[in-house]
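Novice: Submitted below is the structure of interest, expressed as structure tokens.
2 protein chains.
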Amino acid sequence: MAIMGVYHLGMTPPKHPPPRHLRERPSFLLSQLGFHSDQRFGALLAPLGVTARQFGILRLLAHTAGRSQQQLAEELGIHRNVMVGVIDDLEQRGLVERRRYPTDRRAHAIHLTDAARDLLPRVEGALDACDDELLAALDPADRTTLLTLLQRLADGAGLVPGIHPGYDAIGSEEP
Amino acid sequence: MAIMGVYHLGMTPPKHPPPRHLRERPSFLLSQLGFHSDQRFGALLAPLGVTARQFGILRLLAHTAGRSQQQLAEELGIHRNVMVGVIDDLEQRGLVERRRYPTDRRAHAIHLTDAARDLLPRVEGALDACDDELLAALDPADRTTLLTLLQRLADGAGLVPGIHPGYDAIGSEEP
DNA sequence: TATTGTTATACTCTATAACTATA
DNA sequence: TATAGTTATAGAGTATAACAATA
Chain F
1 MAIMGVYHLG
11 MTPPKHPPPR
21 HLRERPSFLL
31 SQLGFHSDQR
41 FGALLAPLGV
51 TARQFGILRL
61 LAHTAGRSQQ
71 QLAEELGIHR
81 NVMVGVIDDL
91 EQRGLVERRR
101 YPTDRRAHAI
111 HLTDAARDLL
121 PRVEGALDAC
131 DDELLAALDP
141 ADRTTLLTLL
151 QRLADGAGLV
161 PGIHPGYDAI
171 GSEEP
Chain W
1 MAIMGVYHLG
11 MTPPKHPPPR
21 HLRERPSFLL
31 SQLGFHSDQR
41 FGALLAPLGV
51 TARQFGILRL
61 LAHTAGRSQQ
71 QLAEELGIHR
81 NVMVGVIDDL
91 EQRGLVERRR
101 YPTDRRAHAI
111 HLTDAARDLL
121 PRVEGALDAC
131 DDELLAALDP
141 ADRTTLLTLL
151 QRLADGAGLV
161 PGIHPGYDAI
171 GSEEP
């Protein structure tokens, strides 16, 4: 082989190391599993008639009602223009009401309906099912280990707890 | 409080358990981290002028050249119609060539160019950087533990090693 | 008749800007 | 003037169907 004659005396051959299989790469595995998790959660949520994004809003309203659309948008990292449509859908499904905002006549105070309050525990149940399904291969001790490691990764990456980075922060706006 | 008078004698109150914070939910953490991983890898790849999807194709061609577009599409779970545009882009960037397929005049044999062969190790380097960045908070032992747990999850979920579920399998086609 | 590559069309998402009514 | 909500437009991405060349 040519390499024997040309590269010697401790020279590092220019051959690159063989590429690691993607199965050995945490970032690829996380991407794969994250996407799969989204798909499964979406499928478990579909029969309940809500999307993951809508769930995020309902969840936030559950313990702090009366927020304005703008406040919700800022907290969840969704653009205010998009929030209009999301609230429209939730309102049509009877899960949310637009009421008067006490101190600002431009804003709407978004409130959960009783139907939404009935629905939320069932959505949490779907999330339980999603977790159980995903972790089926792990015993309790391994589940705890995994959870801790994932939390450390999320903290290290600067991810805000409970906020999905899938929606960009507010854009540049107005030239 | 009404609950004291109405629910007693060991009746389980209808109050649902308080919802677990999303930070405690593996499926949410995986979704968060998977999305973040995609973003970071995309950002590290941008200066090299390729997307993650293009990288997947180049990677596959690196050790099995001469595949047809259809074969590539099937192996990666991308629709054949989409593959046309992806190969178009790769060809325009001079990373791939469409040659004659030896045994079928309908098909194209896709081959890497030398430019692509020069590029690939640099993309693998970007993946290394992505992994290192993501795992910065973990020592080597914890990294190994995490990798093993993620692999077990991926296996349990039936994910195909190296194939990202982000692209649906081939649709129904022709009525 | 079935398959490979290709193109065209519709539909969904998202990003951006601009409008209105209030502040 | 700035802000909350809304609407409109354009752009990416995807899904589906249909077509020409070849099998």
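For the record, the sequence lines run as chains F and W.
The numbers in full-length UniProt numbering rise by one with no breaks, and the one at position 101 of the first sequence is 101.
The numbers in full-length UniProt numbering rise by one with no breaks, and the one at position 148 of the second sequence is 148.
We treat Cβ as the ideally placed atom computed from N, Cα and C, and that holds for glycine.
What you are looking at is a predicted structure, and each value in this text was computed from that prediction instead of being measured.
1. Closer than 7 Å, CB to CB, is G162/W near chain F or not?
2. Confirm, please, whether the CB-CB distance from L72/F to L153/W is below 7 Å.
3. Span of the alpha helix (DSSP H) holding R99/F?
4. Among P121/W, L76/W, A157/W and H63/W, which one has its Cα closest to the Cα of H164/W?
5. Round the Cβ separation of L45/F and A126/F to the nearest angstrom and send it over; I've been treating them as touching at under 8 Å.
6. Of the residues that make up the stretch 84-116 of chain F, which ones have a beta carbon closer than 7 Å to any beta carbon in chain W?
7. Using a Cβ-Cβ cutoff of less than 8 Å, which residues in the same chain neighbour residue 177/F once the five nearest sequence positions on both sides are dropped?
8. What distance in whole Å lies between the Cβ atoms of L29/W and L150/F, which are believed to be in contact at a cut-off of 8 Å?
9. Between the Cα of G158/W and the Cα atoms of L134/F, G166/F and A141/F, which residue gives the shortest distance?
10. How far does the alpha helix (DSSP H) with A65/W in it reach, from first residue to last?
11. With distances taken from CA atoms, which of A109/F, T103/F and R105/F is nearest E97/F?
12. For L135/F, which of helix, strand or coil comes out of DSSP?
13. Answer with buried or exposed for Q69/W, where buried requires no fewer than 16 other C-beta atoms within 10 angstroms of its C-beta.
14. Which one of R100/W, T144/W and G56/W has the shortest CA to CA distance from P161/W?
15. Could you list the residues in the stretch 53-83 of chain W with a C-beta less than 8 Å from some C-beta on chain F, going in chain order?
16. With a threshold of 7 Å between beta carbons, is A137/W in contact with chain F?
17. Could you tell me whether the Cβ atoms of R20/F and D131/W are closer together than 7 Å?
18. Given a cut-off of 7 Å on the beta-carbon distance, is the pair L48/F and R93/F in contact?
19. Would you list, in chain order, the members of the stretch 20-38 of chain F that have their beta-carbon closer than 9 Å to a beta-carbon of chain W?
20. Identify, in the order they occur along the chain, each residue of the same chain with its Cβ nearer than 8 Å to the Cβ of L146/F, setting aside the five sequence neighbours on each side.
21. Run down chain F in chain order and give the residues with a C-beta less than 9 Å from the C-beta of A154/W.
22. Going by C-alpha distance, which of L22/W, S31/W and P17/W is nearest G166/F?
23. So, S37/W versus S27/F, is the Cβ gap smaller than 7 Å?
24. With DSSP collapsed to three states, give me the class of H111/W.
25. Quick one: residues in its chain with C-beta nearer than 6 Å to the C-beta of R80/W, no 5 flanking neighbours on either side, listed in chain order?
Specialist: For this structure:
1. Within the second sequence, numbered from 1, the residue matching residue 162/W stands at position 162. It does: the Cβ of G162/W has a partner Cβ on chain F nearer than 7 Å.
2. The sequence position of residue 153/W within the second sequence is 153, counting from 1. The sequence position of residue 72/F within the first sequence is 72, counting from 1. The criterion of a C-beta distance shorter than 7 Å is not satisfied by L153/W and L72/F.
3. On the first sequence, position 99 is the one that residue 99/F refers to. Careful: R99/F lies outside any alpha helix (DSSP H), inside the beta strand (DSSP E) at V96 to R100.
4. Along the second sequence, read from residue 1 onward, the residue named residue 164/W stands at position 164. Closest in alpha carbon position to H164/W, among P121/W, L76/W, A157/W and H63/W, is L76/W.
5. Numbered from 1 along the first sequence, position 45 holds the residue referred to as residue 45/F. Numbered from 1 along the first sequence, position 126 holds the residue referred to as residue 126/F. About 6 Å separates the two Cβ atoms, so the contact holds.
6. Listed in sequence order: no entries.
7. Here chain F covers residues 1 to 175 and nothing more, so residue 177/F does not appear.
8. The count along the first sequence starts at 1 and reaches residue 150/F at position 150. The count along the second sequence starts at 1 and reaches residue 29/W at position 29. Right, the Cβ-Cβ distance comes to about 4 Å (below 8 Å), so this counts as a contact.
9. Taking the second sequence and counting its residues from 1, the one referred to as residue 158/W is at position 158. Looking at L134/F, G166/F and A141/F, the one whose alpha-carbon comes closest to that of G158/W is L134/F.
10. One-based indexing of the second sequence puts residue 65/W at position 65. For A65/W, no alpha helix (DSSP H) run applies, since DSSP gives it neither H nor E.
11. The residue labelled residue 97/F in the question sits at position 97 within the first sequence. Checking every option, the nearest Cα to that of E97/F belongs to A109/F.
12. The residue you call residue 135/F lines up with position 135 of the first sequence. If DSSP states are grouped into helix, strand and coil, L135/F belongs with coil.
13. As a position in the second sequence, residue 69/W is number 69, starting the count at 1. Counting Cβ neighbours within 10 Å, Q69/W comes out buried, since at least 16 surround it.
14. For the purposes of this step, residue 161/W is taken as residue 161 along the second sequence, with counting starting at 1. Considering only alpha carbons, the answer is G56/W.
15. Correct list: R59 and A62.
16. Sequence index remark: in the second sequence, residue 137/W carries index 137 (1-based). Interface residue, yes.
17. To locate residue 20/F, count along the first sequence from 1; it is residue 20. To locate residue 131/W, count along the second sequence from 1; it is residue 131. In this structure, D131/W does not lie closer than 7 Å to R20/F by Cβ.
18. As a position in the first sequence, residue 48/F is number 48, starting the count at 1. As a position in the first sequence, residue 93/F is number 93, starting the count at 1. Annotated as distal: L48/F and R93/F, with beta-carbon spacing of 7 Å or more.
19. The stretch 20-38 of chain F vs chain W, Cβ under 9 Å: R20, H21, L22, R23, E24, R25, P26, S27, F28, L29, L30, S31, Q32, L33, G34, F35, H36, S37 and D38.
20. In the first sequence, residue 146/F corresponds to position 146, counting from 1. Excluding residues within five positions, the ones whose Cβ falls inside 8 Å are L135 and L138.
21. Residue 154/W sits at position 154 when you count from the first residue of the second sequence. One finds R23, L29, Q32, L33 and H36 in chain F with Cβ atoms closer than 9 Å to the Cβ of A154/W, taken in chain order.
22. Along the first sequence, read from residue 1 onward, the residue named residue 166/F stands at position 166. G166/F has its Cα closest to that of S31/W, out of L22/W, S31/W and P17/W.
23. Start at 1 with the first residue of the second sequence, and residue 37/W comes out as number 37. Start at 1 with the first residue of the first sequence, and residue 27/F comes out as number 27. The answer is yes: Cβ separation under 7 Å.
24. Translated into the one-based positions of the second sequence, residue 111/W becomes position 111. Looking at H111/W - three-state DSSP - the assignment turns out to be strand.
25. Here residue 80/W refers to the residue found at position 80 of the second sequence. Counting only residues of its own chain and dropping the five nearest sequence neighbours on each side, R80/W has a CB closer than 6 Å to the CB of Q70 and A73.
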